[in-house]
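Engineer:
Protein chains: 2
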Amino acid sequence: MNKIVPERFYKLGTQPNEMRELFEYGKKRKLEVGDDKVYDYSLGNPSSPAPAALNDSIREVLGKYSSIQLHGYTSSQGDQASRQTIADYLNKTHGFNCSGGDLYLTCGAASALAITLNAISMPGDEAIVFVPYFTEYKVFVEDAGMKLVEVPCRRTDFQIDFDALESAVNEHTKAVIINSPNNPTGAVIPEKDIIKLAKLLDDAQKKYGSAIFLIADEPYRELVYDDDITVPFVPKYYDNSIINYSFSKALSMPGERFGYIMVSPKSPYHDEVYFSVCGAGRSMGYICAPAIFQRAVPMCLGQTADISVYKTNRDILYNALVEYGYEVVHPDGAFYLFIKAMEPDAYAFCEKAKSLDLLIVPSDTFGMGGYVRIAYCVDTDMVRRSLPAFRKLAEMYGK
Amino acid sequence: MNKIVPERFYKLGTQPNEMRELFEYGKKRKLEVGDDKVYDYSLGNPSSPAPAALNDSIREVLGKYSSIQLHGYTSSQGDQASRQTIADYLNKTHGFNCSGGDLYLTCGAASALAITLNAISMPGDEAIVFVPYFTEYKVFVEDAGMKLVEVPCRRTDFQIDFDALESAVNEHTKAVIINSPNNPTGAVIPEKDIIKLAKLLDDAQKKYGSAIFLIADEPYRELVYDDDITVPFVPKYYDNSIINYSFSKALSMPGERFGYIMVSPKSPYHDEVYFSVCGAGRSMGYICAPAIFQRAVPMCLGQTADISVYKTNRDILYNALVEYGYEVVHPDGAFYLFIKAMEPDAYAFCEKAKSLDLLIVPSDTFGMGGYVRIAYCVDTDMVRRSLPAFRKLAEMYGK
Chain A
9 MNKIVPERFY KLGTQPNEMR ELFEYGKKRK LEVGDDKVYD YSLGNPSSPA PAALNDSIRE
69 VLGKYSSIQL HGYTSSQGDQ ASRQTIADYL NKTHGFNCSG GDLYLTCGAA SALAITLNAI
129 SMPGDEAIVF VPYFTEYKVF VEDAGMKLVE VPCRRTDFQI DFDALESAVN EHTKAVIINS
189 PNNPTGAVIP EKDIIKLAKL LDDAQKKYGS AIFLIADEPY RELVYDDDIT VPFVPKYYDN
249 SIINYSFSKA LSMPGERFGY IMVSPKSPYH DEVYFSVCGA GRSMGYICAP AIFQRAVPMC
309 LGQTADISVY KTNRDILYNA LVEYGYEVVH PDGAFYLFIK AMEPDAYAFC EKAKSLDLLI
369 VPSDTFGMGG YVRIAYCVDT DMVRRSLPAF RKLAEMYGK
Chain B
9 MNKIVPERFY KLGTQPNEMR ELFEYGKKRK LEVGDDKVYD YSLGNPSSPA PAALNDSIRE
69 VLGKYSSIQL HGYTSSQGDQ ASRQTIADYL NKTHGFNCSG GDLYLTCGAA SALAITLNAI
129 SMPGDEAIVF VPYFTEYKVF VEDAGMKLVE VPCRRTDFQI DFDALESAVN EHTKAVIINS
189 PNNPTGAVIP EKDIIKLAKL LDDAQKKYGS AIFLIADEPY RELVYDDDIT VPFVPKYYDN
249 SIINYSFSKA LSMPGERFGY IMVSPKSPYH DEVYFSVCGA GRSMGYICAP AIFQRAVPMC
309 LGQTADISVY KTNRDILYNA LVEYGYEVVH PDGAFYLFIK AMEPDAYAFC EKAKSLDLLI
369 VPSDTFGMGG YVRIAYCVDT DMVRRSLPAF RKLAEMYGK
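Just so you know, the protein sequences line up as chains A and B, in that order.
To convert, count from 1 in the first sequence and add 8; that's the numbering used here.
To convert, count from 1 in the second sequence and add 8; that's the numbering used here.
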């Protein structure tokens with residue numbers, strides 16, 4: 009390499025993003041064969057518009073506050089009233105008892121995760137992630153100086169494999185990251201498994217005399233589609249919980265970068281962690297989350313983009329793929345389907361799909377081979393048009 | 009300390025912010041003695057409202073773009089068209105030749121600095137700052153793993169002391185941070201000194217076979233008040249220049265966090281640095297700068313808040329303070345006056361000022377003793393009302 013800049017950052021900055029490259033390919037391909045003949049399932053970008061409440065709230069705060077009040081600095085952790093409004097909403101929704109003082113507003117879940125991991129990382133610490141996982145976990149964990157420990161999920165349902173987890177937890181374990189509803193599998197961790205996970209971590213803390221933080225990365229919390237599916241609020245089950253939330257998906261505003269860190273008030277290390285979050289944020293150049301959204305988003309709590317389109321897409325795709333002979337675990341949330349590739353090499357499988365103008369992402373991007381991710385945050389019309397290509401792809405494998 | 013969180017971050021998170029504490033004291037004191045009897049010069053927050061163009065542009069983009077276009081992800085470095093618009097503006101204004109591909113949009117100057125320093129920091133590297141300096145430089149430099157090297161300014165005019173600089177530059181020097189117009193002194197580095205600085209750094213690069221980056225931290229660029237004062241555009245004078253810009257002060261929108269990094273296309277290390285900036289940003293959890301401002305701010309380029317109020321305040325204060333016997337260097341920009349404390353201990357001096365309900369900040373916060381900072385981004389009425397207190401303070405020291 010060179011001696012001017014750190015190799016790690018240069019590599020991260022030049023690393024091709026497979027999903028984005030596929031998306032760019034799709035754009036070009038559409039020019040060649042027509043928009044309606046390319047089936048792009050590459051990116052996890054919300055396709056349902058933000059609820060009207062978002063723009064209405066932005067317009068309202070533009071009129072309601074003076075320029076200095078609205079666009080001025082808030083405290084670094086965020087406006088106190090805004091944080092309290094969000095805390096009140098969490099308490100009401102989940103029967104919990106946190107306050108604005110437990111929240112630190114962030115530029116989305118990515119900054120929440122990066123800050124949280126830096127804030128708790130001590131030399132020798134390890135962070136456990138469940139495979140498959142969102143690619144950036146590796147980046148954030150390693151940048152925080154922790155060792156990434158990958159624990160495979162059960163292949164049958166993409167839920168936690170507790171035997172595998174138990175053998176991975178040791179005296180160095182400092183964090184366990186869960187992401188439910190999950191990117192890329194769509195799995196939602198049921199309450200009984202959260203209870204089991206809490207017990208396992210509590211036992212480990214006692215055994216090793218350590219603190220293990222359960223980090224719940226929850227950008228997809230609101231994206232569940234069936235009445236019998238709920239996403240447990242982990243701080244109710246485990247005291248050393250930290251929530252990393254983003255409004256990106258619920259309010260279809262991923263570009264605006266707005267979310268929060270909630271350090272559970274039940275954690276015996278609450279103050280150490282909260283102040284370390286403030287310090288880590290400060291040292292990483294975070295001052296306050298974008299002020300206009302600190303004012304506008306609390307006016308939209310409980311609202312979401314119209315997520316029924318995702319449910320429709322999921323149902324059409326799931327049923328069709330099962331019919332065509334794909335091995336699919338029924339996804340309960342987020343907007344992803346994770347299906348088994350029909351040959352061992354997911355890249356080769358995706359190349360075949362690409363020859364049918366079906367753009368899907370090999371699971372290698374998510375830390376494991378042999379599967380593909382289908383991001384169904386797209387037009388329902390495109391889903392319908394894409395079905396013959398999925399059928400044809402299966403037929404190429406003799407299904 | 010404890011073994012749960014890094015001591016450094018915990019300390020940074022709990023460290024009292026003297027300026028903010030003074031501001032909070034002022035709020036309480038106003039309740040006791042009345043709003044008009046407390047003269048709060050503690051915080052560097054713009055007091056002039058954003059130009060109407062800012063809110064107009066926000067309203068316009070809310071109507072012009074679809075929700076998905078407006079609030080969706082841009083590329084990590086920022087929307088290409090927005091970056092090009094800003095580059096075009098820079099080229100037109102400064103007779104330069106950069107492109108959108110040289111820009112990386114950030115959450116303000118703090119994140120620009122934190123990302124830039126991380127992006128260029130190699131083991132053993134040193135970063136030079138000129139004393140007095142904005143407190144957070146120390147935080148960002150040290151967090152990036154660099155050694156902070158403090159070079160005192162000339163006390164006579166707070167300009168670069170080239171002898172002191174020359175003896176501080178060595179084979180480990182990787183960055184020199186300048187901040188012109190300056191916080192806390194208000195000094196603007198004149199063109200002849202930028203030329204001299206460029207020559208000194210070029211010579212050092214040749215001598216040591218090294219790369220030294222000149223980082224221009226420019227949130228106050230537009231805040232100059234006299235026709236004969238210009239702020240040189242450093243990339244025209246020195247190839248290894250990196251600009252860290254923020255719209256916080258020019259557009260009075262510090263809470264919205266929007267700015268950019270511009271890696272000079274003339275740098276022989278442009279690509280290494282630019283991609284390392286992308287990688288460092290990624291690993292610190294920055295994805296894209298808030299999207300609504302990526303669209304709205306380029307529509308306001310060249311506009312500023314009404315800065316005439318700052319000029320009025322500066323002129324009233326400067327003339328009065330000189331008359332009362334204070335030692336003041338005439339400030340050419342930003343919204344700060346930096347005056348000599350009338351006793352060696354600036355804290356003691358500020359306590360005496362406080363007893364007159366005059367809230368000013370000891371220079372120790374900026375890395376040197378014996379001075380105080382007066383942030384005159386306040387109501388002109390308050391400036392006028394405060395003059396008797398400044399006079400009385402001087403009288404307490406026999407002036």
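Ideal Cβ placement from N, Cα and C applies to all residues, glycine included.
Since the structure is predicted, the reported quantities are computational estimates derived from the model, not experimental observations.
At what residue ranges does the segment 25-70 of chain A contain a whole run of the alpha helix (DSSP H), taking only runs of 4 or more?
Structural biologist: 26-41, all fully within the segment 25-70 of chain A.
Engineer: Using only CA atoms, which one of 194/A, 15/A and 29/A lies nearest to residue 383/A?
Structural biologist: Indexing the first sequence from 1 puts residue 383/A at position 375. Closest by alpha carbon: 194/A.
Engineer: Give me the subset of the segment 283-294 of chain B whose CB atoms are less than 9 Å from a CB atom of chain A, sorted by chain position.
Structural biologist: Residues passing the 9 Å Cβ filter: 283, 284, 285, 286, 287, 288, 289, 290, 291, 292, 293 and 294.
Engineer: Alpha carbon to alpha carbon, what distance is there between residue 148/B and residue 104/A?
Structural biologist: As a first step, residue 104/A is located in the first sequence; it is residue number 96 there, counting from the start. As a first step, residue 148/B is located in the second sequence; it is residue number 140 there, counting from the start. Distance between the alpha carbons of residue 104/A and residue 148/B is about 37 Å.
Engineer: In the structure shown, what three-state DSSP assignment does residue 270/B receive?
Structural biologist: Indexing the second sequence from 1 puts residue 270/B at position 262. Strand.
Engineer: Determine the burial state of residue 223/A: buried for a count of at least 16 other Cβ atoms within 10 Å of its Cβ, exposed for fewer.
Structural biologist: Within the first sequence, the letter at position 215 stands for residue 223/A. By the neighbour-count rule (16 or more Cβ atoms within 10 Å), residue 223/A is buried.
Engineer: Counting only runs of 3+ residues fully inside the segment 255-302 of chain A, write out the beta strand (DSSP E) ranges in chain order.
Structural biologist: For the segment 255-302 of chain A, whole beta strand (DSSP E) runs of length 3 or above, ordered along the chain, are 267-271.
Engineer: Report the residue from 20/B, 35/B and 51/B whose alpha carbon sits nearest the alpha carbon of residue 27/B.
Structural biologist: For the purposes of this step, residue 27/B is identified with residue 19 of the second sequence, where counting begins at 1. The shortest Cα separation from residue 27/B among 20/B, 35/B and 51/B belongs to 51/B.
Engineer: Unbroken beta strand (DSSP E) runs of length 3 or more, entirely within the segment 121-167 of chain B: which are they?
Structural biologist: 134-139 and 155-160, all fully within the segment 121-167 of chain B.
Engineer: Mind listing the chain B neighbours of residue 381/A? Cutoff is C-beta to C-beta under 9 Å, in chain order.
Structural biologist: For the purposes of this step, residue 381/A is taken as the residue at position 373 of the first sequence. None at all; the shortest Cβ gap to chain B is about 17 Å.
Engineer: Give me, in chain order, the residues of the same chain whose beta-carbon lies closer than 7 Å to that of residue 332/B; leave out the 5 immediate sequence neighbours on both sides.
Structural biologist: Working through the second sequence from its first residue, we reach residue 332/B at position 324. Answer for residue 332/B: 398, 399, 402 and 407, listed in chain order.
Engineer: Could you tell me whether the Cβ of residue 144/A comes closer than 9 Å to any Cβ of chain B?
Structural biologist: Position 136 of the first sequence, counted from the start, is the residue given in the question as residue 144/A. Answer yes: the Cβ-Cβ gap between residue 144/A and chain B drops below 9 Å somewhere.
Engineer: Cβ closer than 7 Å: which chain B residues qualify as neighbours of residue 14/A?
Structural biologist: Stepping through the first sequence from its first residue, residue 14/A is reached at position 6. The contacting residues are 129, 130 and 284.
Engineer: What are the residues in the segment 19-36 of chain B lying within 7 Å of chain A by C-beta distance?
Structural biologist: Answer set for the segment 19-36 of chain B: 19, 20, 21 and 22.
Engineer: Find the nearest neighbour of residue 318/B within the set 341/B, 327/B and 335/B, judged by alpha-carbon distance.
Structural biologist: The residue labelled residue 318/B in the question sits at position 310 within the second sequence. Nearest option by C-alpha distance: 341/B.
Engineer: Are the Cβ atoms of residue 205/A and residue 62/A separated by less than 9 Å?
Structural biologist: Indexing the first sequence from 1 puts residue 205/A at position 197. Indexing the first sequence from 1 puts residue 62/A at position 54. Cβ distance not < 9 Å, so residue 205/A and residue 62/A don't count as in contact.
Engineer: Give a yes or no on whether the C-beta atoms belonging to residue 196/A and residue 139/A are separated by under 9 Å.
Structural biologist: The sequence position of residue 196/A within the first sequence is 188, counting from 1. The sequence position of residue 139/A within the first sequence is 131, counting from 1. Not a contact, by the Cβ cut-off of 9 Å.
Engineer: Determine, for residue 343/A, whether the minimum Cβ-Cβ distance to residues of chain B falls below 9 Å.
Structural biologist: If you number the first sequence from 1, residue 343/A lands on position 335. False, the Cβ-Cβ gap to chain B never drops below 9 Å.
Engineer: Please decide whether residue 11/B counts as near chain A, where near means a Cβ-Cβ distance under 9 Å.
Structural biologist: Along the second sequence, read from residue 1 onward, the residue named residue 11/B stands at position 3. Interface residue, yes.
Engineer: To the nearest whole angstrom, what separates the beta carbons of residue 16/B and residue 287/A, a pair I think is in contact under 8 Å?
Structural biologist: For the purposes of this step, residue 16/B is taken as residue 8 along the second sequence, with counting starting at 1. For the purposes of this step, residue 287/A is taken as residue 279 along the first sequence, with counting starting at 1. At roughly 7 Å, the Cβ-Cβ gap stays under 8 Å, so residue 16/B and residue 287/A are in contact.
Engineer: Determine the DSSP secondary structure at residue 386/B, reduced to helix, strand or coil.
Structural biologist: Position 378 of the second sequence, counting from 1, holds the residue named residue 386/B. Residue 386/B: coil per DSSP, three-state reduction.
Engineer: Could you compute how far the alpha carbon of residue 75/B sits from the alpha carbon of residue 248/A?
Structural biologist: Residue mapping note: residue 75/B aligns to position 67 of the second sequence, counting from 1. Residue mapping note: residue 248/A aligns to position 240 of the first sequence, counting from 1. Near 37 Å, if we compare the C-alpha coordinates of residue 248/A and residue 75/B.
Engineer: On the three-state DSSP scale, how would you describe residue 396/A?
Structural biologist: Counting from 1 along the first sequence, the entry for residue 396/A is found at position 388. In this structure, residue 396/A counts as helix in the three-state DSSP scheme.
Engineer: With distances taken Cα to Cα, identify the nearest neighbour of residue 362/B among 171/B, 350/B, 48/B and 152/B.
Structural biologist: Here residue 362/B refers to the residue found at position 354 of the second sequence. The option with the nearest alpha carbon to residue 362/B is 48/B.
Engineer: If you drop the 5 nearest sequence neighbours on each side, which residues of the same chain put their C-beta closer than 6 Å to that of residue 7/B?
Structural biologist: Look at the range of chain B in this structure, 9 to 407, and you will see that residue 7/B is not part of it.
Engineer: Measuring straight from C-alpha to C-alpha, what distance separates residue 57/A and residue 320/A?
Structural biologist: Position 49 of the first sequence, counted from the start, is the residue given in the question as residue 57/A. Position 312 of the first sequence, counted from the start, is the residue given in the question as residue 320/A. Rounded to the nearest angstrom, the two C-alpha atoms are 16 Å apart.
Engineer: Mind checking which residues open and close the alpha helix (DSSP H) that includes residue 176/A?
Structural biologist: Reading the first sequence from its first residue, position 168 is the one you call residue 176/A. Unbroken alpha helix (DSSP H) run through residue 176/A: 170-176.
Engineer: Would residue 9/A be called buried (16 or more neighbouring beta carbons within 10 Å of its own) or exposed?
Structural biologist: For this step, residue 9/A is matched to residue 1 along the first sequence. Any answer about residue 9/A is weak, because its pLDDT of 41 lies below 50 and its placement is not dependable; what the coordinates show is given next. Burial call: exposed.
Engineer: Taking the DSSP output, what are the residues bridged to residue 370/A?
Structural biologist: Working through the first sequence from its first residue, we reach residue 370/A at position 362. Paired residues: 380/A.
Engineer: Buried or exposed: which applies to residue 12/A, given that a residue is buried once 16 or more other Cβ atoms fall within 10 Å of its Cβ?
Structural biologist: Looking up residue 12/A in the first sequence gives position 4. Buried, by the Cβ-count rule.
Engineer: With distances taken from CA atoms, which of 298/B, 106/B, 302/B and 304/B is nearest residue 302/A?
Structural biologist: The residue labelled residue 302/A in the question sits at position 294 within the first sequence. Measuring from the Cα of residue 302/A, the nearest candidate turns out to be 298/B.
Engineer: If you draw a straight line from the C-alpha of residue 290/A to the C-alpha of residue 309/A, how long is it?
Structural biologist: As a working note, residue 290/A is residue 282 in the first sequence. As a working note, residue 309/A is residue 301 in the first sequence. Cα to Cα, residue 290/A sits roughly 27 Å from residue 309/A.
Engineer: List the residues of chain A that residue 81/B touches, going by C-beta distances under 9 Å, in chain order.
Structural biologist: As a first step, residue 81/B must be located in the second sequence, where it is residue number 73. Simply 51, 53, 256, 262 and 263.
Engineer: Which one of 152/B, 201/B, 163/B and 295/B has the shortest CA to CA distance from residue 336/B?
Structural biologist: Counting from one through the second sequence, the residue named residue 336/B turns up at place 328. Of the candidates 152/B, 201/B, 163/B and 295/B, the one whose C-alpha sits nearest the C-alpha of residue 336/B is 163/B.
Engineer: Using a Cβ-Cβ cut-off of 9 Å, state whether residue 126/B counts as contacting chain A.
Structural biologist: Stepping through the second sequence from its first residue, residue 126/B is reached at position 118. Yes, because at least one Cβ of chain A sits closer than 9 Å to the Cβ of residue 126/B.
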